[in-house]
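**Student:**
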Amino acid sequence: MIIQIDRIPWEGLEVHGELPATVLELENEADRIRTCDPILCRLRAHIVAHEVLVRGSVSAQIQFACSRCGDFFTTTIREPDFQEIFPFSDPHSTLDLTCDVRDSIILAFPSFPRCAKTCRGLCPRCGTNLNESTCSCSEPVMDDRWEVLERVPTGKSGGTSS
Ligand SMILES: [Zn+2]
Ligand SMILES: [Zn+2]
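In this text, residue positions in the sequence shown follow the numbering used here: the first is 1123, and each later residue adds one.
(1) Judging by CA-CA distance, which residue of GLU1136, ASN1251, ASP1222, LEU1252 is the nearest neighbour of LEU1146?
(2) Going by beta carbon distance, what residues of the same chain come within less than 6 Å of GLN1185, once the five residues before and after it are set aside?
(3) Going by other Cβ atoms of all chains shown within 10 Å of its Cβ, with 16 needed for buried, is ARG1247 buried or exposed?
(4) What residues come near ligand 2, if near means a beta carbon less than 6 Å from any of its heavy atoms?
(5) Between which two residues does the alpha helix (DSSP H) containing SER1189 stretch?
(6) Candidates ASP1218, ARG1200, ILE1199, CYS1237: which alpha carbon is nearest GLU1207's?
(7) I think LEU1165 touches VAL1176, with their Cβ atoms under 8 Å apart; what is that distance to the nearest whole Å?
(8) DSSP puts ASP1218 in a beta bridge; with which residues?
Here's what the structure looks like:
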């Protein structure tokens, strides 16, 4: 995604294009993130004094492994407020947006991707995907978790240090 600065008219230049998902360099993350081509860029470049201001939106379809159940699901990652400023001294030079587009897509990734808000995850005991079936592990999962929390010593109530 390269812009030739002297091709930008005063009213600005539409920069609509696509980048291959390989620019995201996520090949080593394939067990939790898979990419789908392409990355879509709908940008507009303006020259302001000796800077090129590029604004717009970038988006990509990404497959994540759900942090709860592990199933892959596809979602659209969108950065609607892409904005970068590129200072330049030579108006006949070019600027390359690839790295900035890559960074803005990756920064928009969720920390804990979930296939659905209601994803029930895997049974911590037998590993059954609770979205697809139920298991015969007797204790409800949520109750177990609360019990663990209650057992955590707070250090305030009734604690006698020896
Ligand atoms: Zn899930
Ligand atoms: Zn189970």
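Every residue gets a Cβ at the ideal spot worked out from N, C-alpha and C, and that includes glycine.
**Tutor:** So, from the data block:
(1) Reading the sequence shown from its first residue, position 24 is the one you call residue 1146. Ranked by how close their Cα comes to the Cα of LEU1146, the residues GLU1136, ASN1251, ASP1222, LEU1252 have ASP1222 in first place.
(2) Sequence index remark: in the sequence shown, residue 1185 carries index 63 (1-based). By the criterion of a C-beta distance shorter than 6 Å, GLN1185 is surrounded in its chain by ARG1156, PHE1194, THR1196, once the five residues flanking it on both sides are discounted.
(3) Reading the sequence shown from its first residue, position 125 is the one you call residue 1247. Flag for ARG1247 reads exposed.
(4) That query returns the following residues: CYS1245, ARG1247, CYS1248, THR1250, CYS1257, CYS1259.
(5) As a first step, residue 1189 must be located in the sequence shown, where it is residue number 67. Taken as a continuous stretch (DSSP letters only), SER1189 belongs to no alpha helix (DSSP H), as it is neither H nor E.
(6) Start at 1 with the first residue of the sequence shown, and residue 1207 comes out as number 85. The amino acid at residue 1207 is misidentified as Glu; the sequence shows Ile. Out of ASP1218, ARG1200, ILE1199, CYS1237, ASP1218 has the C-alpha closest to the C-alpha of ILE1207.
(7) Along the sequence shown, read from residue 1 onward, the residue named residue 1165 stands at position 43. Along the sequence shown, read from residue 1 onward, the residue named residue 1176 stands at position 54. Right, their Cβ atoms sit about 5 Å apart.
(8) Here residue 1218 corresponds to residue number 96 of the sequence shown, with the count starting at 1. Note: ASP1218 is bridge-paired with ILE1124 in the DSSP secondary-structure output.
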